[in-house]
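Notes follow once the structure below has been shown.
Protein chains: 2
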Amino acid sequence: MYERKTPVNIDCGLHLFMEVMNGKWKINLVWCIYNEIKRPSDLQRKIPNATRRVLEGQLKQLVNHGILSKKTYDVKPPKVEYSLTELGESLIPIIKSTAKWGEDNREELEKLIVK
Amino acid sequence: MYERKTPVNIDCGLHLFMEVMNGKWKINLVWCIYNEIKRPSDLQRKIPNATRRVLEGQLKQLVNHGILSKKTYDVKPPKVEYSLTELGESLIPIIKSTAKWGEDNREELEKLIVK
DNA sequence: TATAATACGGACAAATTTATCCGTACTTGA
DNA sequence: TCAAGTACGGATAAATTTGTCCGTATTATA
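Which chain is which? The protein sequence lines are A and B, in order.
With our numbering, letter number 57 in the first sequence gets 57, and the count goes up by one each step, no holes.
With our numbering, letter number 37 in the second sequence gets 37, and the count goes up by one each step, no holes.
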C-alpha cells in the first residue's frame, strides 16, 4: 500500500470536505449509492470508465472516511452492498447544491475548462 | 507546460466544481482573495506552506477557469492584484456551506482521516 | 467441463500534481 | 553598491493518484 510522505492538511472545513470527496470517481460512487445502486458489480457497470481496481480503492477510502458502510453477506456467490452512513447522508445536500452550481454555470465553464 | 493525456470528465455539475476547485491551495487562495488579500506576495505570506511556484500555477488556473481576474498595474516595482469574477463570487456561498459541513463534522472526520 | 458471474488483492506502470532549484528584471532604502 | 522587495518562468525531481495486468476463490449455467 502507498504510504503518505506529507501530512494531509485539514486546517479549514472545506479542506475536510475535499479530503473526503477528492478522487476521480467518488462523487459518482456516492451518487449511485444514494440512488440505490450499491453492489460493486452494479457500480462498475454504471461507471464503466473506471476500472474495478480504482473503484475498489475509492470505495475503501469512502468507507474509511465514514461516508459509506459496507455489508458483506455470507453467501455464495459473494454479495456486498454499500450504503450511506449518517455522515454520508449529510453530504447529499452539499453535493446537490454544488452540482447545481456546476450545472447553472455549465455553459460558461465548459468553454473555460480545457479538455 | 504539462500536456494532458486523458480528457477531463465533466459529466455532472459536481465534477465541474471539482475541476475548478481541485488543487491543494485553491480554496485558500479564493478565500484569501474574497477577504481582500489579493497581491501575490501577500498571498504567499498568508499561505507560507505553499511555494510561490505552486501558488502561481494555481492562481493561473483559477484565472483560466474564470474564477479570478488579474489586474497588472504598470508600475515599478510591479504590482498585481487578483479579484473574484462574478463566477468566482457565485462560488462563495457554496464554499461557505461546504466548509460548514466540514466544521460541523470536524471531530468525527479528524478521527477518520489518516494524517 | 468450460464460461460467466460474484468479489478481492498484489505488483507495478503511467499520468498527474506539487515541490525544488535555478534564473530574469527593475527599484527603493541602507 | 548591496540587500530586499516586487513579480514571473523554465527545467526537473518528488509525491501522489489512477490504471494495467496478473492471480485467488466459489457457484450456477450452458
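We put the CB at the ideal spot given by N, CA and C, even for glycine.
- Between the beta-carbon of lysine 71 of chain A and that of glutamate 86 of chain A there is about 15 Å, and that puts the pair past the 8 Å contact cut.
- Within the stretch 8-90 of chain B, the complete beta strand (DSSP E) runs of at least 3 residues fall at 68-73 and 79-84.
- Taking every protein chain shown into account, the CB of glutamate 36 of chain B has fewer than 16 other CB atoms within 10 angstroms, so this residue is exposed.
- Scanning chain A for C-beta atoms nearer than 7 Å to the C-beta of lysine 70 of chain B yields nothing, as the closest lies near 14 Å away.
- Listed along the chain, the chain B residues whose CB falls inside 8 Å of the CB of valine 20 of chain A are Leu109 and Ile113.
- Counting other Cβ atoms within 10 Å of its Cβ, methionine 21 of chain A reaches 16 or more and is therefore classed as buried.
- At least 7 Å separates the beta-carbon of glycine 13 of chain A from that of glycine 13 of chain B.
- For glutamate 36 of chain B, the nearest beta carbon of chain A is not closer than 7 Å to its own beta carbon.
- By the beta-carbon neighbour count (other beta carbons within 10 angstroms, threshold 16), isoleucine 95 of chain A is buried.
- Note on geometry: alpha-carbon atoms of lysine 26 of chain B and serine 69 of chain A lie some 30 Å from one another.
- DSSP places arginine 106 of chain A in the uninterrupted alpha helix (DSSP H) bounded by 106-112.
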